[in-house]
Amino acid sequence: MKAPQILSGFQDLLPGDMIARNKVMSMIRSVFESHGFEPIETPSLEYYETLTGKEGGESEMLMYDFTDHGDRHVGLIYDLTVPISRVMATYQDIPKPFKRYQIQRVYRAERPQKGRFREFYQCDVDIFGTASPLSDAEIVSILSDSLVGMGFKDFNVLVNHRGVMQGIMRTCGVPKETLKESIVIVDKLDKIGPDGVARELEAKGVPSAGKIVEMISVQGDAGVVIPTLKGMLSGDEEAVQALDNIKQIIELAGAMNAKVKFDPSLARGQSYYTGPVFEARLETPKIGSVAGGGRYDNLIGIFSGNQVCATGASLGIDRIMAAMREIGMISDTKTIAKVQICHFGEGSTPLALECAKTIRESGVPCDLYCGDGDIRKQIKYASKKGVPYIAIIGEDEAKSSTVLIKNMETGEQEKVEFSKLGEVASQLA
RNA sequence: GUGGAUGUAGCUCAGUUGGUUAGAGCGCCAGUCUGUGGAACUGGAGGCCGGGGGUUCAAAUCCCCUCAUCCACCCCA
């Protein structure tokens, strides 16, 4: 019998994977909720027309779509932004600003590659219904807090503004036709360096590539960098306003203790961003971008016709987990159980059941061995699963109302009176 | 969508210039050890050598096609 193969780009999450993932997700959740964001969930399947929205084009390429048994043309969600737009159009009485987070699987029919799947979790956090810089600052702050909450220390939340990027392009005389590609190139600054950017820009025939590189390479404290750029872009009203906006966001986020930094080279690919854009980058380990977002004031309204301002970000759970694994922030625990009860011999079952109950009541996850195997087999099983402690209950223990607690790592074992089991068990958690 | 690579056991891979019944390690199952795991030993299951076509007396091996997977680009989480 040949084992059926798994679809490319999809993955099995075995206990070890799920335990780590659940841990990361619950940390993220608790940060989000501590900031007052509400959880929501929406269907994985939507009408195809809903998902293509009014823009169509690009989204069709990466979407899984098919006809269901009722002959409806449906598609799997490929992000959480389109569904939330539908929700905002449907439930217009939701009090605004509306702060919600949503962690769900989404699907993209793209070619998979390292760290990128066709089915993956997306974790979105957004604020709807306000254009206040405070809302942008709150998103920046929550990205920062989330990473801190997960235990990262060396990272930055980078902030830029589309107005700044466009101002730079305008000032340098980049024509409209090459604007989009130029921005994509500029965004690669940290990957290919200033020379690389200049080279690629020149290859595209972009004028004054050197000047662009000079402007986007400005680094340092926002208090210095922003005035510098303001000087360079003084002729561009929109860019100057954008810089003021960034200044406010950075100050507000900074006041909330966010690790925030202005980076004029940050672009973010999504064309729907209308204002500030964000990106969280890990420096240690050097994984790069683990979250991205920005303000998108024109997207949410596509289903209702009313403009609904929005700002938010999306965390890449898989990349975050990869990073945590790399620097040993996640232990590779393969089991939830802290104790496994091994029982055998005459009259041991009733005591085993009592023990399981007691240990569970003391709040410790306890696995009662439920196969038939001798003591050796049961211990082997515990060992293989990586359960840290076992409780041995045989004939002798049953007679004397005791339990043998064994530490699987050290091999030490201790005889415990059943009456004291609860107390001892709670130490094992 | 573009470019590159690879398909042999559940997994990682050997398999010589084409030559009999295709191998190893790990894993899996069973057994030895009869109240103590990670070990050892013994035995066992498991492969149309990705699929199709061609060359040849003879193909896992050479040629063509196809499918699948992986990596990079594009784009993004």
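Here the first sequence is numbered in this note's numbering, starting from 50 and rising by one per residue. Virtual Cβ for every residue (Gly too), placed ideally from N, Cα, C.
Same chain, Cβ closer than 6 Å to residue i, neighbours up to 5 away in sequence not counted
i      : result
Pro117 : Here residue 117 turns out to be Asp, not Pro, going by the sequence shown. Same-chain partners within the cutoff: Val123.
Gly105 : At Gly105, the pLDDT of 48 sits below 50, so the modelled position is not reliable and the matter cannot be decided from this model.
Gln427 : Cys391, Tyr418
Gln319 : none
Ile408 : Val388, Cys415, Ala474
Lys139 : Residue identity differs from the one stated: residue 139 is Thr in this sequence, not Lys. Cβ neighbours of Thr139 beyond the five flanking positions: none.
Ser449 : none
Contacting residues, own chain, Cβ-Cβ under 7 Å from residue i (five flanking each side not counted)
i      : result
Phe204 : Leu196, Lys308, Ala329, Arg330, Leu331, Glu332
Gly337 : Arg330, Leu331
Gln60  : Phe166
Glu472 : none
Lys434 : Lys383, Thr384
Tyr97  : Asp114, His122, Val123, Gly124
Gln141 : Ser353
Leu348 : Thr130, Ser134, Tyr321, Ala359
Helix, strand or coil at residue i according to DSSP, with G and I counted as helix
i      : result
Leu192 : helix
Thr116 : strand
Tyr96  : strand
Gly105 : Low confidence applies to Gly105: its pLDDT is 48, below 50, so where it sits in the model is not reliable, and the reading given next is rough at best. Three-state result, Gly105: coil.
Glu82  : helix
Gln60  : coil
Gly354 : coil
Glu466 : strand
Gln481 : Here the chain covers residues 50 to 478 and nothing more, so residue 481 does not appear.
Ile379 : coil
Leu364 : strand
Ala440 : strand
Pro132 : helix
Asn71  : helix
Ile454 : strand
Gly36  : With the chain represented from 50 up to 478, any question about residue 36 goes unanswered, as that position is not in the structure.
Leu111 : coil
Gly222 : coil
Thr459 : coil
Ala138 : helix
Gly324 : coil
Lys145 : coil
Ala478 : coil
Leu331 : strand
Sequence-distant residues of its chain with Cβ nearer than 8 Å to residue i (five each side left out)
i      : result
Met218 : Leu228, Ser231, Ile232, Ile261
Leu62  : Arg70
Leu56  : Arg167
Val274 : Val267, Gln268, Phe311, Pro313
Met50  : Only weak support exists for where Met50 lies, its pLDDT of 48 falling under 50; the coordinates are left without a value.
Whole-number beta carbon distance between residue j and residue i, since they are thought to touch under 8 Å
i      : j      : result
Lys148 : Phe86  : 5 Å
Tyr170 : Ile366 : 5 Å
Glu446 : Leu400 : 7 Å
Ala302 : Ser380 : Ala302 to Ser380, Cβ: 32 Å. No contact.
Ser266 : Pro243 : 5 Å
Tyr430 : Ile454 : Contact flag wrong, Cβ pair sits at about 17 Å.
Val413 : Leu477 : 6 Å
Lys279 : Leu292 : 5 Å
Met199 : Met305 : At roughly 17 Å, the Cβ-Cβ gap does not stay under 8 Å, so Met199 and Met305 are not in contact.
Ala271 : Phe327 : Going by Cβ atoms, the distance from Ala271 to Phe327 rounds to 14 Å, so no, they are not a contact pair.
Met112 : Phe177 : Not really, about 24 Å apart at Cβ, beyond 8 Å.
Asn209 : Pro313 : 6 Å
Asn294 : Pro334 : Not confirmed; about 32 Å, so no contact.
Ala559 : Val436 : This structure cannot speak to residue 559, because the chain is shown only from 50 to 478.
Leu480 : Leu315 : With the chain running from 50 to 478 in the structure shown, residue 480 is simply not present.
Sufficient close CB pairs (3 or more, under 8 Å) joining the region 287-298 to the region 178-195: With a cut-off of 8 Å, the region 178-195 and the region 287-298 count as touching, because enough Cβ pairs lie within range.
Cβ contact (3+ pairs, closer than 8 Å) linking the region 118-138 and the region 87-106: yes
Tell me the start and end of each unbroken alpha helix (DSSP H) in the region 153-215 that is at least 4 residues and wholly inside, in chain order. 182-198
Secondary structure, alpha helix (DSSP H): runs of 4+ residues fully inside the region 235-287: 238-252, 258-265, 271-281
What ranges does the beta strand (DSSP E) occupy inside the region 283-316, keeping only unbroken runs of at least 3 residues that lie completely in it? Runs of the beta strand (DSSP E) inside the region 283-316: 309-311.
Decide yes or no for the touch test of the region 434-443 against the region 394-401: beta carbon pairs closer than 8 Å, at least 3 of them. yes
Is it the case that the region 285-296 contacts the region 207-217, given that we only count it when at least three CB pairs across the two stretches are under 8 Å? yes
Is the number of C-beta pairs between the region 361-378 and the region 155-173 that are closer than 8 Å three or more? yes
On the three-pair Cβ rule with 8 Å, is the region 154-163 touching the region 370-389? Because the criterion of three Cβ pairs below 8 Å is not met, the region 154-163 and the region 370-389 do not touch.
How about the region 160-167 and the region 341-360: do they share at least three Cβ pairs that are nearer than 8 Å? no
Determine, using beta-carbon pairs with one atom in the region 261-276 and one in the region 231-250, whether at least three such pairs fall under 8 Å. The region 231-250 and the region 261-276 touch, with three or more beta-carbon pairs separated by less than 8 Å.
Inside the region 370-440 only - beta strand (DSSP E) runs reaching at least 3 residues: 388-392, 415-417
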